[in-house]
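Respectively, the protein sequence lines represent chains G and E. If you read the first sequence in the working numbering, its first letter stands for residue 1, the second for the next number, and so on. If you read the second sequence in the working numbering, its first letter stands for residue 1001, the second for the next number, and so on. By construction, the Cβ of each residue, glycine as well, lies at the ideal position given by its N, Cα and C atoms. Quick notes on the structure that follows.
Number of protein chains: 2
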Amino acid sequence: MSQAFRLKQSIEDAVIAGEFLPGDRLDEASLAERFGVSRTPIREALLQLGAEGFIDVRPRRGAIVSVPSPTRLFEMFETMAEIESACGRLAARRLTPDNDAAMEAAHRACEIAAREGDSEQYYADNRNFHEAIYRASRNSFLADQAFALHKRLSAYRRIQLRARNRLLQSLQEHAGILEAIRAGDEQLAATRLHDHVLVQGERFSDMVLGLAGDRRSDAAGSRSGTPK
Amino acid sequence: MSQAFRLKQSIEDAVIAGEFLPGDRLDEASLAERFGVSRTPIREALLQLGAEGFIDVRPRRGAIVSVPSPTRLFEMFETMAEIESACGRLAARRLTPDNDAAMEAAHRACEIAAREGDSEQYYADNRNFHEAIYRASRNSFLADQAFALHKRLSAYRRIQLRARNRLLQSLQEHAGILEAIRAGDEQLAATRLHDHVLVQGERFSDMVLGLAGDRRSDAAGSRSGTPK
DNA sequence: AGTTCTAATCTTGCATACAATTACTATATG
DNA sequence: CATATAGTAATTGTATGCAAGATTAGAACT
């Protein structure tokens, strides 16, 4: 496949892995050198990532990893909550044995990770659980939208999961969500998913505000000092 | 601003205007000639549009205007319905006088267009009405998502609005939506918006299936026909 | 010292050139 | 006559070069 596509994936992965932090500059020349290609495919990869909202490409001023303001970040979580609850509603309406089994398996994996307190593993399994719900909506377009947004928020979600006993609480919420979907209770499934996602957003906002002035206070980075 | 950005807009506009139909090939060389630039900025524009899902760029095989299958199209409308109803729910919760006035003005404009049976004008005013609701959600990220999807579906919505007396029915639905939002009834606003959008998707699916074998039956499938 | 203007440097945007792959056409063959 | 195949044309992917805007450093000035 074309190089630009591979590069897009690599750069996205590097951003998700936290190698480039929000606010970091994505210099075309150094990326080209790093990957051993010319600037052309790098540019194409960056522009695509920019179009997906993953990074910020400012004309004539280069690309940086997006730095959503606390407000924007909350809006993103709120949107994620709405999309996920839509997935849950549809999943409750259309659940098939296949999808049920997939959610069950993902839930079990989460359980193990949570029991062992392995937050890095839980992070991965949690993602699988949520993706199983997206698929269970049986609307592949909606699921794609959910995937994309989930990826964009992954950096923030990871930080957030490290919080004390959030793992166990998260797991319990998962159980409740599963129960509602299985019962075919669209309304309840939607509400529970909504709250499950939104609580992350709220917690994260608190954290951001709490950390303001700490390491990388600039990253939160509006153009006028400390936010809020 | 950079040329690639302008070109992206121009190509998108041309697609929305129906100048390029679903399935049409977007040749880099001819676009470059048409806009009087080299292939480089054209490529950059096409890749961005591809990343947004607006067109289909198949590696090594060029770009074409997306041809969603009937199933995919229905999924897109269903997703739009979910996103719009989320906007409506939030709007009902957070309505401000400003947003109320904007929706009212857009609704009045729709009323005039509908009364005069001007479907082209109604198409434009209808868009304003929906965008006013997106903004009234007071979640700019969610609103952006709604804008983007609305644009991607615009080609199909336009065709659909030409149907007999759909204009007046649409207008009545708008009135009901507005009423629910003003009453602060989140649930009702969400439901009414959901149905309002989904009925378009259903009608469109019917139309597509009904027209199968008619003009452009090829659009859904191969590249054998000779459109335009 | 702080500020502002200017010049040097760095980076991005676009065009051109070439390489690599796909699509097409014509010819040969069963 | 249809199909397979080889050669050719057309199109996309990547590299390189150059021009123009942006950033930085330095000097002059208040």
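Nearest-angstrom Cβ-Cβ length linking residue i and residue j, presumed shorter than 8 Å
i	j	result
Ser1066 (chain E)	Phe1054 (chain E)	7 Å
Gly1088 (chain E)	Ala1189 (chain E)	4 Å
Arg135 (chain G)	Ala102 (chain G)	7 Å
Asp1100 (chain E)	Gly1062 (chain E)	At roughly 47 Å, the Cβ-Cβ gap does not stay under 8 Å, so Asp1100 (chain E) and Gly1062 (chain E) are not in contact.
Val37 (chain G)	Gln3 (chain G)	6 Å
Ala51 (chain G)	Glu1052 (chain E)	5 Å
Asp1024 (chain E)	Ala1092 (chain E)	At roughly 41 Å, the Cβ-Cβ gap does not stay under 8 Å, so Asp1024 (chain E) and Ala1092 (chain E) are not in contact.
One or two residues paired with residue i in a DSSP bridge
i	result
Val199 (chain G)	DSSP, once it has assigned bridges, lists no residue as partnering Val199 (chain G).
Gly62 (chain G)	G:Arg58
DSSP three-state assignment for residue i, whether helix, strand or coil
i	result
Leu26 (chain G)	strand
Asp118 (chain G)	coil
Leu21 (chain G)	coil
Gly1053 (chain E)	coil
Thr71 (chain G)	helix
Phe129 (chain G)	helix
Met1 (chain G)	coil
Gly1088 (chain E)	helix
Ala1219 (chain E)	Residue confidence is low: Ala1219 (chain E) scores 36 on pLDDT, short of 50, so the model does not pin down where it sits. Its coordinate-derived value is still stated next. Correct three-state label for Ala1219 (chain E): helix.
Val1037 (chain E)	coil
Leu47 (chain G)	helix
Thr1096 (chain E)	coil
Ala102 (chain G)	helix
Asp1013 (chain E)	helix
Ala1183 (chain E)	coil
- [ ] Quick one: which unbroken alpha helix (DSSP H) runs of 4-plus residues sit fully inside the region 1134-1176 of chain E? Chain order, please.
- [x] 1140-1161
- [ ] Determine contact between the region 40-48 of chain G and the region 133-151 of chain G, defined as no fewer than three beta-carbon pairs at a distance below 8 Å.
- [x] no
Open item on the list: With three or more C-beta pairs closer than 8 Å as the rule, is the region 69-83 of chain G touching the region 178-197 of chain G?
Closed with: yes
Task: Any 3 or more C-beta pairs closer than 8 Å across the region 1103-1111 of chain E and the region 1168-1181 of chain E - done: yes
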